[in-house]
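Residue numbers (this note's numbering): 381 to 513. Ideal Cβ placement from N, Cα and C applies to all residues, glycine included. Here the structure is a predicted model, which is why all the values come from computation and not from measurement. Some notes on the structure that comes next.
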């Protein structure tokens with residue numbers, strides 16, 4: 381279950397990236413995806429932030445349960461028992477306590493990581509259409 385957030389994050393990111401690239405290629409009237417504009421990279425960064433936000437929100441209760449299960453004592457023993465106990469003690473909102481801090485930390489970090497990744501791949505990949513080659 382711990383990897384679910386990452387899987388969802390990348391699935392959403394790749395779908396958003398696919399839409400960005402297809403729109404970008406269509407707007408230029410050229411069938412080449414390898415020639416990206418600075419706007420494409422800004423949109424990749426936004427897509428990375430959006431996909432991380434959606435994945436975090438979806439799977440944040442898992443993070444809450446994991447954190448509670450690390451506490452000392454026998455109060456929180458198993459995943460589903462921990463989730464139900466949190467709901468009983470704090471209501472459904474308890475499953476999302478601390479989400480805003482998590483988003484403030486994770487979303488900008490992920491957006492910059494994906495931007496760096498896309499720029500690195502683009503820089504290291506030969507492009508026949510770049511610089512009049």
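Starting from the N-terminal side, write out each stretch of the beta strand (DSSP E) that is 3 residues or longer and does not extend beyond the region 400 to 488.
Note on the region 400 to 488: there is no whole beta strand (DSSP E) run with a minimum of 3 residues.
Measuring only the C-alpha atoms, how far is residue 419 from residue 430?
Going from the Cα of residue 419 to the Cα of residue 430 covers about 16 Å.
Helix, strand or coil at residue 383 [DSSP, three-state]
Three-state DSSP puts residue 383 in coil, outside helix and strand.
Determine the direct distance from the alpha carbon of residue 401 to that of residue 456, and round the result to whole angstroms.
Going by the C-alpha atoms only, they are around 46 Å apart.
So, using beta-carbon positions, are residue 433 and residue 449 closer together than 8 Å?
No. Outside cutoff.
Rounded C-alpha distance that separates residue 323 from residue 421:
This structure cannot settle anything about residue 323, because the visible part of the chain is limited to 381 through 513.
Relative to the C-alpha of residue 439, which residue among 504, 482, 494 is closest?
Across the set 504, 482, 494, the C-alpha of 482 shows the shortest separation from the C-alpha of residue 439.
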